[in-house]
Every structure is written in structure tokens, then in C-alpha cells.
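**Student:**
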Ligand code: C2E
Ligand code: CA
Ligand code: CA
Ligand code: CA
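In this note's numbering, the protein residues as written are 623 to 898.
1) Can you grab the Cα-Cα spacing for the pair residue 725 / residue 762, in whole Å?
2) Under the three-state reduction of DSSP, which class applies to residue 852: helix, strand or coil?
3) Nearest CA to the CA of residue 769: which residue from 796, 750, 757?
4) Do the region 740-749 and the region 770-777 meet, that is, are 3 or more Cβ pairs less than 8 angstroms apart?
5) Out of 831, 651, 667, state which residue places its alpha-carbon closest to the alpha-carbon of residue 893.
6) Hey, how far is the Cα of residue 827 from the Cα of residue 838?
7) Comparing alpha-carbon positions, which option in 791, 691, 655, 799 lies nearest residue 749?
8) Going by the C-beta, is residue 758 closer than 7 angstroms to any heavy atom of ligand 3?
9) Are residue 800 and residue 841 touching if we call contact CB-CB under 8 angstroms?
10) With residue 734 as the anchor, note down where its beta strand (DSSP E) starts and where it stops.
11) Does the beta-carbon of residue 680, which I'm using as the reference point, lie nearer than 7 angstroms to any heavy atom of ligand 2?
12) Could you give the distance in angstroms between the alpha-carbon of residue 643 and the alpha-carbon of residue 657?
13) For the region 779-826, which segments carrying the beta strand (DSSP E) assignment without a break, of at least 3 residues, lie completely within its bounds, in sequence order?
14) Below 8 angstroms on the Cβ atoms is my contact criterion, and I expect residue 671 with residue 682 to pass it. Report the Cβ-Cβ distance as a whole number of Å.
15) What's the call for residue 861, buried or exposed, on a 16-neighbour Cβ count within 10 Å?
16) Would the C-beta of residue 821 count as close to ligand 2, meaning under 7 angstroms from any of its heavy atoms?
17) Would you say residue 858 and residue 877 are within 8 angstroms of each other, going by their C-beta atoms?
18) Determine the direct distance from the alpha carbon of residue 813 to that of residue 709, and round the result to whole angstroms.
19) Output the distance between the C-alpha atoms of residue 865 and residue 829, rounded to the nearest integer angstrom.
20) Along the chain, where does the alpha helix (DSSP H) containing residue 675 start, and where does it finish?
21) In this structure, what does DSSP give as the bridge partners for residue 661?
22) Check residue 623 in the structure and name its three-state DSSP category.
23) Whole angstroms are fine: how far does the CA of residue 733 sit from the CA of residue 641?
24) Would you please state the rounded distance, in angstroms, between the beta carbons of residue 794 and residue 766? I believe it to be under 8 angstroms.
25) CB residue 825 to CB residue 856, shorter than 8 angstroms?
26) Label residue 711 either buried or exposed according to how many other C-beta atoms from any shown protein chain fall within 10 Å of its C-beta, with 16 as the threshold for buried.
27) Am I right that residue 735 and residue 718 are in contact with their C-beta atoms under 8 angstroms? What's the rounded C-beta distance?
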């Protein structure tokens, strides 16, 4: 029994070691990711439910490390802790703007690309000047900014002032993952959001669960009443799409229509699924 126990312990220990080692390696490599040109920008199209026409896309970052793609869910939190988030965020905003600008130029109409700004990035001082730089460098870019309720966790007044400035600079603001945090309806009233994104967790079982369906319907009605457009994220099947369409949701984002793909492919997609 002792031997088994010891063996098990050693096995467990090794696994734990491996985990720690991976974290350590990721941590180190992450600091080099931008310099080594290892970040990749993906884009996931969103569509209008009635016609499936592509209206824009959300930029989603991936990290190509040793031939594998590391998901942002794994490396963004790490980057926030070790400071690598600053160059990474700079890279994402710049490349999203570059892509939106080029596509808008080629197609002759603005192609909106939304960018996720985490609460940590949001509080970092560089954001506003970075956005200002983008305005000058890429005047044709149609960049939208997605933030979560997390940006209100610290100093609410500063957060509000930041949001106001970003909006006044001409970057539309979306409140992301709505309904998952400590949502306060006053955010919608007091800050200049123009879009609300309903979190996937409400969409995933809305067909089976009337309560979730009711929450989605009430959120859509409230958002519209306040003059916001609504995106439903994580839509995977036709039944969800039909319900959301009936509720008057403005945009659908999810595997049912389009999965995230390298942003270089987006111009072609938008040509095929043209605006009307
Ligand atoms: P998010 O902002 O809620 O992004 C949506 C996530 O849902 C994406 O995962 C997307 O691939 C996934 N998704 C979209 N449609 C479906 C669907 O129909 N079914 C399912 N199961 N999933 C779907 P991804 O790309 O892994 O990103 C995860 C999170 O990482 C994002 O959640 C966002 O919070 C963060 N993230 C991604 N890119 C960036 C970035 O450039 N900067 C920052 N700060 N965070 C980012
Ligand atoms: Ca998002
Ligand atoms: Ca989201
Ligand atoms: Ca989400």
C-alpha cells in the first residue's frame, strides 16, 4: 500500500511539476511573444438574423507557440499579471485598426471590427493615447471597444470619464458578457454604451429554460428602450436563432453562422456575404 501510495504521490507530483513548469515557460515566452511575431489576430463575423448578412467582426487574439494556438482564456490573465498585456494590447489594437482600415478602403464602406479591452488594460494609462494614435494613423478604421462590467470594479468615476472620452473620440462602446458580473442597470443608463452583448451562458439553454429565455427577452427590450443595439453571442443552433430573431435581437454571433478565423480571410467573407 505504501509503495502504491508513494507511486501515486510521485505521479501526482510530476503532474503538478509539469503544470508549474508550463506556467513558468508560458510566463517567460509571453514576454517575447510580440517581439517574436507570435500573435495571430482572428475575427469572428456577426450577422443580422433576418438575412445572415455580415455586418462586422470581433477581433479575437491567439498565441502561436511551438506550432500550437494558445487560447486567450489561458494567456491573457497571465499577461495581465506579468505586464506583457501592455505590448500585447498595443499589438491587437494596432492590427485590428490596420485590418479595418484596409478593408474599409477596399470595399468602400466602413467595416467595423470590435476589440476586447480587459479591465486591467482599461485601467492602464496608455489606452487613451494609443487610441488617439490609431485615429491619426488609420482614419478609415471603424474600431469598436468591448469592455466588461469589470471596468467598474475600481474607481467608478475614473472609469466613467474614460468611457466618455473613448466615446467622444469616436469609438463606439459595447458592454460585453452582459449578465455575468455584478450587472447594474445603472451602467447602461449612466455610461455611453451603444451596444450590449448578451453572454453565451444565457443563450446556451434558452430554448429549454423559459427563465433564461425571459431574461434574454427582458434584456433586449431594456437595451432597445435605452437606445442600444443588441448582439447575442454563442448562438449555435437554429432554434436559438429563431427565438432571438423573434425578440428583435440586432446581431447574432456564433458558430451557427461563423467561427473565428484568421482576420486576413474576413475581407473575402464580407465580399461574399455583402452588406445590402
Ligand atoms: P468573449 O469576448 O466573450 O469572446 C467570445 C468567445 O466565445 C470567443 O472565445 C469565441 O471564439 C467564443 N465563441 C463564439 N461563438 C461561439 C459559439 O457559438 N459557441 C461557443 N462555444 N463559443 C463561441 P475565445 O476566442 O477563446 O476568447 C475567449 C475570451 O478571451 C473572450 O471572450 C475575451 O474575453 C478574451 N479575449 C479574446 N481576445 C481578446 C483580446 O484581443 N484582448 C482581450 N483583452 N481579451 C481577449
Ligand atoms: Ca468580447
Ligand atoms: Ca463576450
Ligand atoms: Ca462571453
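C-beta: ideal position from N, C-alpha, C; glycine also.
**Tutor:** So, to answer that:
1) Against the chain shown, residue 725 aligns to sequence position 103. Against the chain shown, residue 762 aligns to sequence position 140. C-alpha of residue 725 to C-alpha of residue 762: approximately 9 angstroms in a straight line.
2) Numbered from its first residue, the chain shown carries residue 852 at position 230. Looking at residue 852 - three-state DSSP - the assignment turns out to be strand.
3) Your numbering for residue 769 matches position 147 in the chain shown. Checking every option, the nearest Cα to that of residue 769 belongs to 796.
4) yes
5) Within the chain shown, numbered from 1, the residue matching residue 893 stands at position 271. Checked all of 831, 651, 667; the closest Cα to residue 893 is 667.
6) Here residue 827 is taken as the residue at index 205 of the chain shown, counted from 1. Here residue 838 is taken as the residue at index 216 of the chain shown, counted from 1. Roughly 11 angstroms between the two C-alpha positions.
7) As a position in the chain shown, residue 749 is number 127, starting the count at 1. Considering only alpha carbons, the answer is 791.
8) As a position in the chain shown, residue 758 is number 136, starting the count at 1. Incorrect: residue 758 has no Cβ contact closer than 7 angstroms to ligand 3.
9) Reading the chain shown from its first residue, position 178 is the one you call residue 800. Reading the chain shown from its first residue, position 219 is the one you call residue 841. Their beta carbons are under 8 angstroms apart, which means residue 800 touches residue 841 by this criterion.
10) Against the chain shown, residue 734 aligns to sequence position 112. Note, residue 734: beta strand (DSSP E), 734-738.
11) Position 58 of the chain shown, counted from the start, is the residue given in the question as residue 680. Yes, ligand 2 has a heavy atom inside 7 angstroms of this Cβ.
12) Stepping through the chain shown from its first residue, residue 643 is reached at position 21. Stepping through the chain shown from its first residue, residue 657 is reached at position 35. Each residue's alpha carbon lies about 22 angstroms from the other.
13) If you keep only unbroken beta strand (DSSP E) runs of at least 3 residues inside the region 779-826, you get 795-800, 815-820.
14) Taking the first residue of the chain shown as 1, we reach residue 671 at position 49. Taking the first residue of the chain shown as 1, we reach residue 682 at position 60. At roughly 21 angstroms, the Cβ-Cβ gap does not stay under 8 angstroms, so residue 671 and residue 682 are not in contact.
15) Indexing the chain shown from 1 puts residue 861 at position 239. So residue 861 counts as exposed.
16) Here the question's residue 821 lines up with position 199 in the chain shown. False, no ligand heavy atom lies under 7 angstroms from that Cβ.
17) Residue mapping note: residue 858 aligns to position 236 of the chain shown, counting from 1. Residue mapping note: residue 877 aligns to position 255 of the chain shown, counting from 1. Yes, the Cβ-Cβ distance between residue 858 and residue 877 is below 8 angstroms.
18) Taking the chain shown and counting its residues from 1, one reaches residue 709 at position 87. Taking the chain shown and counting its residues from 1, one reaches residue 813 at position 191. The straight-line gap from Cα to Cα measures roughly 28 angstroms.
19) Locating residue 865 in the chain shown gives position 243, where the first residue counts as 1. Locating residue 829 in the chain shown gives position 207, where the first residue counts as 1. Cα to Cα, the separation comes out at about 8 angstroms.
20) By one-based count along the chain shown, residue 675 stands at place 53. For residue 675, there is no enclosing alpha helix (DSSP H), as DSSP marks it with neither H nor E.
21) Along the chain shown, read from residue 1 onward, the residue named residue 661 stands at position 39. Residue pairing by DSSP places residue 661 opposite 685 in a beta bridge.
22) Reading the chain shown from its first residue, position 1 is the one you call residue 623. Reliability fails at residue 623, whose pLDDT of 39 lies under 50, so the model's placement of it is uncertain and no value is given.
23) Working through the chain shown from its first residue, we reach residue 641 at position 19. Working through the chain shown from its first residue, we reach residue 733 at position 111. Distance between the alpha carbons of residue 641 and residue 733: 41 angstroms.
24) For the purposes of this step, residue 794 is identified with residue 172 of the chain shown, where counting begins at 1. For the purposes of this step, residue 766 is identified with residue 144 of the chain shown, where counting begins at 1. Right, their Cβ atoms sit about 5 angstroms apart.
25) The count along the chain shown starts at 1 and reaches residue 825 at position 203. The count along the chain shown starts at 1 and reaches residue 856 at position 234. In this structure, residue 856 lies closer than 8 angstroms to residue 825 by Cβ.
26) Taking the first residue of the chain shown as 1, we reach residue 711 at position 89. Its Cβ being crowded by 16 or more others within 10 Å, residue 711 is buried.
27) Within the chain shown, residue 735 is the residue found at index 113, counting from 1. Within the chain shown, residue 718 is the residue found at index 96, counting from 1. Residue 735 to residue 718, Cβ: 5 angstroms. Contact.
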